[in-house]
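A.B. asks: My questions will all concern the structure given below.
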Amino acid sequence: MVTGLEVRDLSVRYPGTPPIVAVDGVDLAVDKGEILGLLGPSGSGKSSLLAAIVGIVPLASGSVLWDGEDVTQTPVHERGFGLVFQDGQLFPHRTVAGNIAFGLEMQGLDRGDREERVGDALALVGLEGYGPRRIDELSGGERQRVALARSLAPRPRLMLLDEPLSSLDRDLRDRLAIELRDILVSTGSTAIVVTHDHDEAGMICSRIVQMSHGRLALG
Ligand code: ADP
Ligand code: MG
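Residue numbering for the sequence shown follows this note's numbering, starting at 37 and increasing by one per position.
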């Protein structure tokens, strides 16, 4: 049995004539504690693969397993997988703390536990004291840290990060890449990090695979 994530023969198709095959029969295993880099050109199917694993895009075929258990039919919020988007996708009308607390509310944690977890998550991403701030008062880098904190706070068993740094300028990106690696390692996270930057993948990841036309090749 594979421990951690296993993806078997996963395909994603979008409607069209003919249908668009975004992911084409992907097999992939990610061990616990492994930080896998998923590289590939724009349009190669990276986002679609992550979205299918997390459960927000339907599978045309295949299955997703965690520790050998098939979670293909498990609702998104019961999979224990966290997703970070390129542009963070924070809730603009919630404070920083409110954003981070969101997943914890979904888990049914009481207020005291939520506040403690929010504080821990903010400390983890170097934003102590930012809880009451409004999202529109934050820089791009701070927003991505909040997005990361929001995904980490529910302690997901798998983190999926879709080009988490690509909206940032070069200097900040390099700094945050090192921080991101340290955060993922220190939390013992199992993760897939999508990027189209080979250097960035090298800084963050313990193994790299390449995606092309919906299929995987060793990178
Ligand atoms: P990547 O993240 O590697 O850039 P995507 O997974 O976004 O790749 O896209 C893979 C293919 O699927 C592309 O051809 C893209 O145009 C297509 N695609 C992605 N999302 C949709 C969608 N919602 N509807 C139709 N086609 C889509
Ligand atoms: Mg993408």
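Beta carbons: idealized from backbone N, C-alpha and C, even for Gly.
Can you list, in chain order, the residues of its chain with a C-beta nearer than 6 Å to that of L101? Leave out the 5 residues immediately preceding and following it.
C.D. replies: Closer than 6 Å at Cβ, skipping near neighbours: E42.
A.B. asks: Can you give me the C-alpha to C-alpha distance between G148 and L64, rounded to a whole angstrom?
C.D. replies: Their backbone Cα atoms lie some 39 Å apart in a straight line.
A.B. asks: Hey, is the stretch 67 to 87 in contact with the stretch 218 to 234, meaning 3+ C-beta pairs nearer than 8 Å?
C.D. replies: Taking 8 Å as the limit for Cβ pairs, the verdict is that the stretch 218 to 234 does touch the stretch 67 to 87.
A.B. asks: Per DSSP, what kind of secondary structure is L86 in: helix, strand or coil?
C.D. replies: Looking at L86 - three-state DSSP - the assignment turns out to be helix.
A.B. asks: Give the range of the alpha helix (DSSP H) segment to which I92 is assigned.
C.D. replies: No alpha helix (DSSP H) holds I92; DSSP gives it neither H nor E.
A.B. asks: Does the stretch 175 to 188 come within contact of the stretch 103 to 113, defined as at least 3 CB pairs closer than 8 Å?
C.D. replies: Verdict: no, contact absent.
A.B. asks: Please go through the same chain and pick out, in chain order, the residues whose beta-carbon is closer than 6 Å to the beta-carbon of V57, but skip the five residues on each side of it.
C.D. replies: For V57, where only same-chain residues beyond five positions count, the Cβ hits under 6 Å are R49 and G250.
A.B. asks: Runs of 4 residues minimum, wholly inside the stretch 146 to 197: which ones carry the alpha helix (DSSP H) assignment?
C.D. replies: Listed in chain order, the complete alpha helix (DSSP H) runs (minimum 4 residues) inside the stretch 146 to 197 are 147 to 160 and 176 to 188.
A.B. asks: Which of helix, strand or coil does DSSP assign to S222?
C.D. replies: S222: helix per DSSP, three-state reduction.
A.B. asks: On a Cα-Cα basis, can you pick out the residue from L194, I136, A157 and M239 that is closest to D67?
C.D. replies: Looking at the Cα atoms, L194 is the closest of the given residues.
A.B. asks: In terms of alpha-carbon separation, which member of D198, A157, L204 and P51 lies closest to S222?
C.D. replies: Comparing Cα positions, the closest option is A157.
A.B. asks: Which residues in the same chain as R206 place their Cβ atom closer than 6 Å to its Cβ, once the five residues preceding and following it in sequence are excluded?
C.D. replies: Counting only Cβ-Cβ distances below 6 Å, and skipping sequence neighbours, we find nothing.
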